[in-house]
Amino acid sequence: MTATAQKPGAREAPKARTGMWSRVSAALWRRPWARATILLTPPLAWFVLIYIAALVVLLITAFWQINPFTTNIERVWSLNNFTTIFTSAAYRSVILRTVGMAAAVTVVDAAVAFPFAYFMARIARPRTRTALFVAILLPLWASYLAKVYSWLVIFTHDGILDWSLGRIGLGQVHLIYTNWAVFTVFCYLWLPFMIIPVYAALERIPPSQIEASQDLGGRTWRTTRSVLLPLALPGIVAGSIFTFSLTLGDYITPLLVGGTSANFMGNIIYSNIGIANNVPFAAAMAIIPIAIMAVYLLSARALGGFEAI
Amino acid sequence: MMTTWARISTRPMKIALGLACASIVATGCSSPSSSSSSSGSTNNGAGTGTAGLTVPTANLPVLQKIGKGEGQLNLIAWEGYLQPQWVKPFEQQTGCQINAKYAGSSDEMVALMKNGGGGQYDMVSSSGDADLRILYAGDAHPVNINLIPSWKEFFPAFQSPPFNTINGVHYGVSLQWGPNVLMYNTKDFPTAPTSWSVIYNSKYKGQVTVPDNPIQIADAALYLKTQNPSLGITDPYELTLTQFQAAVNLLAGQRPLIEKYWDLASQEIFDFKNGNAIVGAGWPYQVSTLKADKFPIGSVVPAEGATGWADTWMLAAKAPHPNCAYMWMQYISTPKVQAEQAVSYGETPDNSLACGYMNQIQAGSCAEYHANAPLSYLNSISLWKTPIATCDNGKPDCVPYSEWVSAWNTQVK
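In the order they appear, the protein sequences are chains A and B. Our numbering puts the first residue of the first sequence at 1218, with every later residue one more than the last. Our numbering puts the first residue of the second sequence at 1187, with every later residue one more than the last.
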């Protein structure tokens, strides 16, 4: 047995911490704000430098012009692009059409999602609820284009829809390349994004609230109107942010299933950046949905949509 | 404790936001968008090109000798231009693997070639209406045409055409050319239509399809050239304001008849196949694809003539694989490959020796695509070119392309 310098059982005295890391650690311990700064800076830098800075570089070009022949950007400050947009009847109608479509999709999706989410949250048994969840989330695993192309096949001349209606004897509807087709596809695409927040909001409502409302004499419609809807409003607002903003910017669905009147803001931006290479005009057009969403979010906040967050 | 947390929440946030704002200002001021205005008219004598403009890359040194292939080649092409039939042998022979980027319109090609191809693309198969825009933006690189032996076999009209050769400097090699034909479903049109008037006829409301491309205005102008001679249209790409407005009005009136403005050739093929459209303007590519699927499609160049396109494989100013690019230019100009592409797509080759090979692949194709008698046929086609403000007679009355784009987006569509 080797002799040790220490008594058996005695613990070693802790060494004095003098390494570099321990000095840094001690300095951070004394300055909590430095700890927070170091933790916050990487994600904030990523967000600001890569996302916001890129967006600013693009949007700043809205105040510049392009050389009409070579389409190189010339840094001549002016508001011409905005003047063109707001004084041209065609572009004004494009903006109104896009906002109208976004609003319609939001309303219809909310109307469809609410009873569905209510059933899932309050009535369905756990197994049914899981099955319904899978049914809602499964389309999200499919590619966006695959979904839109399947609708193209459904709507096309003598496609599934017209053929079935013809067999029943209802007459063909010829929805391909109309704004009705675009509307239907949008409603379908964003429905899962509306159902899930509404489900989350409805699930949190304690059943005692409903019972209390019934005790006070409220029947189905009164209970829904006065108790359920206000409590579910944050979920509906959260879902509506998805449906509204996604519809506002989308250009692929109008391009594929829309026809000659499917000219939305996204299409104008796409055709100006990708095709005409008029980046300043596209940037000016892109600022408009951003402004619309800012107004939308502020009104949502005023309506109390974010209180539950 | 509360005050400590309050300091934590504000001080680091302030520092982070301060850094953020500084970075925004820095990036905003040093925006990387190229602002080189190459429209500065340094008019150094006769033949500087269009209206006193100069090509910024004209003095770049050309490759003297083709070196070892780089193993990759990034090409921007029209759909149907890079079929495995001729791409695979090229890849096996040279070891240059081709990465294709398909574009649907000339405007898209110009946009992709911004900044010399951005160091990403090597070549683009651009049509005449895009070529000048690419050249004068400084996005094309001069080409040593002596390194392409098959060039000597080209028809004279396509050896140094004005859309890819300025002042004797080549910026690419001519490829093939063809018309924008009138396509029709032979079941609905037992006898072939003889005039473009069918696509302006309200009898076919909701069954017409035309390209989603501002250059369509030239098609309308070409129709009006014979339909309305009092307008005095001679060149459908050089229109005075009155002529331009007449063409735009014709297209705006056509809009209720249009089922869909097609962006991609595959969209038009889908529409004809499903009966969404029965007549429209398209490329021989759609016709040959539908014929290969045994679909009853017919095509014709009507009495008024047609617009057309002449394509060039243009070399990007910042091409990352120049050796492979030259190997491709050599390969695609040979008679056999020209014949293969011509028959597959349905266009006319620029190599005069391709005719025999075409008939070997498909009997009668040489005559069908006019590969042996191009000059008179060529004269009946108005090839795409970029409309600019200065007419050919020197007057600044003509409507420039940017107006075409804006009219297409606001008045027609």
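Built from N, CA and C at the ideal position, the CB exists for glycine as well. Just so we're clear, the structure is a prediction, and the values are computed from it rather than from any experiment.
Would you mind working out which of the options sits nearest residue i, comparing C-alpha positions?
i, options, result
"residue 1269 (chain A)", "A:1426, A:1392 and A:1507", "A:1507"
"residue 1398 (chain A)", "A:1365, A:1388, A:1412 and A:1407", "A:1365"
"residue 1267 (chain B)", "B:1347, B:1319 and B:1362", "B:1362"
"residue 1245 (chain B)", "B:1354, B:1337, B:1417 and B:1389", "B:1354"
"residue 1518 (chain A)", "A:1451, A:1468 and A:1496", "A:1451"
"residue 1358 (chain A)", "A:1462, A:1409 and A:1467", "A:1409"
"residue 1396 (chain B)", "B:1306, B:1467 and B:1254", "B:1467"
"residue 1387 (chain B)", "B:1439, B:1336 and B:1313", "B:1439"
"residue 1418 (chain A)", "A:1248, A:1395, A:1332 and A:1289", "A:1332"
"residue 1319 (chain A)", "A:1373, A:1461, A:1390 and A:1277", "A:1461"
"residue 1299 (chain A)", "A:1263, A:1329 and A:1282", "A:1282"
"residue 1607 (chain B)", "B:1360, B:1484 and B:1281", "No information on residue 1607 (chain B) is available, as it lies outside the stretch 1187 to 1599 that chain B covers here."
"residue 1400 (chain B)", "B:1538, B:1493 and B:1457", "B:1493"
"residue 1473 (chain B)", "B:1595, B:1527, B:1250 and B:1454", "B:1454"
"residue 1504 (chain A)", "A:1303, A:1401 and A:1373", "A:1303"
"residue 1547 (chain B)", "B:1534, B:1563, B:1537 and B:1528", "B:1528"
"residue 1403 (chain A)", "A:1285, A:1337 and A:1459", "A:1459"
"residue 1407 (chain A)", "A:1471, A:1390 and A:1325", "A:1325"
"residue 1425 (chain A)", "A:1414, A:1413, A:1411 and A:1440", "A:1440"
"residue 1429 (chain A)", "A:1327, A:1334, A:1241 and A:1444", "A:1444"
Helix, strand or coil for residue i per DSSP?
i, result
"residue 1596 (chain B)", "helix"
"residue 1555 (chain B)", "coil"
"residue 1345 (chain A)", "helix"
"residue 1216 (chain B)", "Only weak support exists for where residue 1216 (chain B) lies, its pLDDT of 48 falling under 50; the value from the coordinates is given anyway. Looking at residue 1216 (chain B) - three-state DSSP - the assignment turns out to be coil, as it is neither helix nor strand."
"residue 1361 (chain B)", "strand"
"residue 1532 (chain B)", "coil"
"residue 1479 (chain B)", "coil"
"residue 1318 (chain A)", "helix"
"residue 1223 (chain B)", "With a pLDDT of 34 at residue 1223 (chain B), under the threshold of 50, the modelled position of this residue cannot be trusted, and the question is left open."
"residue 1228 (chain B)", "A caution first: residue 1228 (chain B) carries a pLDDT of 32, below 50, which makes its placement in the model too unreliable to give a value."
"residue 1330 (chain B)", "coil"
"residue 1420 (chain B)", "coil"
"residue 1574 (chain B)", "coil"
"residue 1355 (chain B)", "strand"
"residue 1520 (chain B)", "coil"
"residue 1457 (chain B)", "helix"
"residue 1299 (chain B)", "coil"
"residue 1323 (chain B)", "coil"
"residue 1583 (chain B)", "coil"
"residue 1383 (chain B)", "helix"
"residue 1228 (chain A)", "coil"
"residue 1240 (chain A)", "helix"
With a threshold of 16 other CB atoms inside 10 Å of the CB of residue i, please say whether the residue is buried or exposed.
i, result
"residue 1377 (chain A)", "exposed"
"residue 1188 (chain B)", "Caution applies to residue 1188 (chain B), whose pLDDT of 42 falls short of 50 and renders its modelled position unreliable; the value that the coordinates give is listed next. Exposed: under 16 other Cβ atoms inside 10 Å."
"residue 1237 (chain A)", "exposed"
"residue 1364 (chain B)", "buried"
"residue 1322 (chain B)", "buried"
"residue 1520 (chain B)", "buried"
"residue 1515 (chain A)", "exposed"
"residue 1233 (chain B)", "Here residue 1233 (chain B) scores only 29 on pLDDT, less than 50, and its place in the model should not be relied on; the value that follows carries that caveat. The residue is exposed, with fewer than 16 neighbouring Cβ atoms inside 10 Å."
"residue 1246 (chain A)", "exposed"
"residue 1485 (chain A)", "buried"
"residue 1379 (chain A)", "buried"
"residue 1218 (chain B)", "Low local confidence applies: a pLDDT of 41 at residue 1218 (chain B) is under 50, so the model's placement there is unreliable, and no value is given."
"residue 1424 (chain B)", "buried"
"residue 1253 (chain A)", "buried"
"residue 1388 (chain A)", "exposed"
"residue 1480 (chain A)", "buried"
"residue 1386 (chain A)", "exposed"
Within 9 Å (strictly less), CB to CB, does residue i reach chain C?
i, result
"residue 1375 (chain A)", "Going by chain labels, chain C is absent from the structure shown, which instead holds the protein chains A and B."
Could you pull the DSSP bridge partners for residue i from this structure?
i, result
"residue 1310 (chain B)", "B:1262 and B:1500"
"residue 1601 (chain B)", "No answer is possible for residue 1601 (chain B): it lies beyond the span of chain B, which begins at 1187 and ends at 1599."
"residue 1291 (chain A)", "A:1282"
"residue 1287 (chain B)", "B:1262"
"residue 1569 (chain B)", "B:1494"
"residue 1368 (chain B)", "B:1467 and B:1486"
"residue 1340 (chain B)", "B:1537"
"residue 1507 (chain B)", "Paired residue(s): none; residue 1507 (chain B) is not in a bridge."
Any beta strand (DSSP E) of 3 or more consecutive residues that is wholly inside the segment 1373-1445 of chain A: none
Within the segment 1466-1525 of chain A, ranges of the beta strand (DSSP E) (whole runs, at least 3 residues): none
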